[in-house]
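Engineer:
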Amino acid sequence: MRVLQLLEDSINDRYIADVVKTLENGGLIIYPTDTVYALGCDALNNTAIERICSLKAMKSAKTNLSIICESISQVTEYAKVDNRQFKVLKNNLPGPFTFILPALSRLPKAFKGRKTVGIRIPDNKIAIAIVEALGRPILTTSIPGDDDDYRCEPELIAERFQASVDIVIDSGRGRLDLSTIVDCTDGDFEITRQGKGELE
């Protein structure tokens, strides 16, 4: 496992390229978002997705899965977005939200049987730079655990996950906020978890 130090105001392109190569090879990463540190992999790599589900002890067939996109335009390649939803996404993203939308068929086997996908565009330059360089979304899920110090400190995160992930991006002490989850599947905007984001 490697630890790469990356700050939002001084993104190292070589490190981003290393992260992308790891993702393309089916690797797992831990990276910063605008909420908690997260586990990620190539969202189109079924084997990598199953590795994350195993690491979090969650059954992929029964668990809501979320992806990070770099733009609303990219979102529309993987989720169905109507005009009203588009306006809400545009008013609130980038930001600490997970929007639950109807999934399209471009997503891999791990998503099959699901009618929905969680969509994130975090207000974090590192996460967005990774997705832009990869050219497709990354699967995202918060790192497991209840200990606040460990969830915030990249050094402790790296120590705990050294045998499980390929790269930990150290962007300094992280946040404890969770994203606000907004279910958009019934034609309305239902907040199912109030987190950091205040919906406009």
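Adding 880 to a residue's 1-based position in the sequence shown gives its number in our numbering. For glycine and all other residues, C-beta sits at the position ideal for the given N, C-alpha and C.
1. Would you check if the distance between the CB atom of Ile948 and the CB atom of Val1011 is smaller than 8 Å?
2. Residues in the same chain with beta-carbon distance under 6 Å from Cys1032, minus the five sequence neighbours each way, listed in chain order, please.
3. If we count the other Cβ atoms within 10 Å of its Cβ and call it buried at 16 or more, is Arg894 buried or exposed?
4. Taking Cβ to Cβ, would you say Leu919 is nearer than 8 Å to Asp898?
5. Could you pull out every residue in the same chain whose Cβ sits closer than 6 Å to the Cβ of Leu1036, ignoring the five residues on either side in sequence?
6. In the structure shown, what three-state DSSP assignment does Val1045 receive?
7. What three-state label does DSSP hand Arg1053 in the structure shown?
8. Of the choices Ser985, Pro1017, Ile1061 and Gly1067, whose alpha-carbon is the least far from that of Asn972?
9. With H, G and I counted as helix, E and B as strand and the rest as coil, what does DSSP make of Pro1034?
10. Tell me the rounded alpha-carbon separation between Thr1065 and Asp1003.
11. May I have the straight-line CA-CA distance separating Gly975 from Glu1070, to the nearest angstrom?
12. So, under 8 Å CB-CB, Ile999 and Val955 are touching, yes? Tell me the CB distance rounded to an integer number of Å.
13. Report the start-end ranges of each alpha helix (DSSP H) in the region 896–983 that is 4 residues or longer and not cut off at the edges.
14. How big is the Cα-Cα spacing for Asn892 and Lys1005?
15. Roughly how many whole angstroms lie between the Cα atoms of Gly906 and Glu930?
16. Using 10 angstroms around the beta-carbon of Gln1042, count the other beta-carbons present and answer buried if the total reaches 16, otherwise exposed.
17. Would you list the residues sitting across from Arg1000 in a DSSP beta bridge?
18. Could you tell me the distance, in whole angstroms, from the CA atom of Asp1063 to the CA atom of Leu984?
19. With a threshold of 6 Å on Cβ separation, who are the neighbours of Thr902 within its own chain once the five nearest residues in sequence on each side are excluded?
20. Helix, strand or coil for Arg894 per DSSP?
Structural biologist: Reading off the structure:
1. yes
2. Arg1053 and Gly1054
3. Arg894 is classed as exposed because its beta carbon has fewer than 16 other beta carbons within 10 Å across all chains shown.
4. no
5. Tyr1030
6. coil
7. DSSP, reduced to helix, strand and coil, places Arg1053 outside both helices and strands of the structure shown, so it counts as coil.
8. Ile1061
9. helix
10. 24 Å
11. 17 Å
12. Contact annotation, Ile999 with Val955: C-beta distance approximately 5 Å; criterion of less than 8 Å satisfied.
13. 926–935, 952–958 and 963–972
14. 11 Å
15. 11 Å
16. exposed
17. Ile948
18. In this structure, the alpha-carbon of Asp1063 lies about 16 Å from that of Leu984.
19. Asp1046 and Ile1047
20. helix
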